[in-house]
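Numbered per this note's numbering, the sequence shown finishes at 196, counting up by one with no gaps.
In this text, a Cβ means the ideal position worked out from N, Cα and C, and glycines have one as well.
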Amino acid sequence: MEPKCRCSWAGDIPIYVDYHDNEWGRPTHDDRELFELLVLEGAQAGLSWLTILKKREAYREAFDNFDPAKVALYDDAKVEELMTNAGIVRNCRKITAAIVNAKLFLDVVEEFGSFDAFIWGYVDGNPIVNHWRTENDIPATTPLSDRISKDLKQRGFKFVGSTIVYAYMQSIGMVNDHVVDCFAYQELVETR
């Protein structure tokens with residue numbers, strides 16, 4: 005059997021390959037998963053995504069499986085507890101941002117019915133399909149990520165700069181940024 009052609013960034017590290025093949029760029033509509041990826045993308049700022057993937061299970065345990073209603077209730081004692089957890093990124097600003105973002109996430113759910121309706125409303129529920137030949141063609145930001153970032157910041161969200169927002173859009177499948185030769189690109193185009 006011939007090996008699958010995939011985006012080169014996935015490399016040959018199993019956790020990265022699995023993330024690429026089964027998650028990255030695949031449309032996500034579950035609010036809990038959308039919150040999880042929002043927190044993880046913020047935690048990744050300044051670090052490698054591989055670092056975050058390796059810590060993902062510890063994050064799930066530490067952050068009540070990313071239940072925004074539970075995370076929104078975290079207090080100073082919980083922040084102190086999280087700061088001692090070697091399984092996650094122990095950055096106070098990132099931890100407190102997750103709590104602030106949980107509260108705001110719930111506000112968005114109250115306003116729009118779901119975070120899914122809010123975030124996917126930017127693309128009318130349909131992923132943007134790009135046609136990148138090489139990974140060097142893929143931008144770090146777009147006018148749409150700028151717009152979403154501005155909206156989230158105005159709502160009070162933290163760690164939602166345009167670069168983080170674009171990475172979030174990629175991770176939740178709002179954009180198909182697999183290169184055209186990648187098997188996942190074609191799968192996603194066919195199931196659209």
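field: Extent of the continuous alpha helix (DSSP H) to which Thr167 belongs
entry: Ser166 to Ser175
DSSP three-state assignment for Val75, whether helix, strand or coil: Reduced to three states, the DSSP call for Val75 is helix.
query: Name the DSSP bridge partner or partners of Val133?
result: Asn180
query: What is the rounded straight-line gap between the Cα of Tyr189 and the Cα of Leu54?
result: 21 angstroms
message: Is the beta carbon of Arg97 closer than 9 angstroms to that of Leu162?
response: According to the sequence as given, residue 162 is Lys; it is not Leu. Yes.
Simplified DSSP state of Cys186, which is helix, strand or coil: coil
message: For Phe119, tell me which candidate among Pro143, Arg10, Thr32 and Ala62 has the shortest Cα-Cα distance.
response: Thr32
- request: May I ask which residues mark the beginning and end of the alpha helix (DSSP H) holding Asn26?
  value: Unbroken alpha helix (DSSP H) run through Asn26: Pro18 to Asn26.
field: Collapsed DSSP secondary structure at Lys8 in the structure displayed
entry: Lys8 falls in the coil class under three-state DSSP.
- prompt: Mind checking Lys59: buried by the 16 CB within 10 Å criterion, or exposed?
  reply: Burial call: buried.
- request: Taking Asp80 as part of the alpha helix (DSSP H), name the residues at either end of that continuous run.
  value: Residues Asp80 to Met87.
query: Which one of Ser12, Leu38, Pro7 and Tyr20 has the shortest CA to CA distance from Trp124?
result: Leu38
task: Work out the CA separation of Lys154 and Pro147 for me, nearest whole Å.
output: 11 angstroms
Sub-9 angstroms separation of Gly29 and Asn180 beta-carbons: yes
message: Please list the terminal residues of the continuous alpha helix (DSSP H) segment that includes Leu156.
response: Pro147 to Gln158
- prompt: Is it buried or exposed for Asp2, if we count other Cβ within 10 angstroms and need 16 for buried?
  reply: A query on residue 2 cannot be resolved here, the shown segment of the chain reaching from 5 to 196 and no further.
field: Beta-carbon proximity check, Val184 vs Asn105, cutoff 9 angstroms
entry: no
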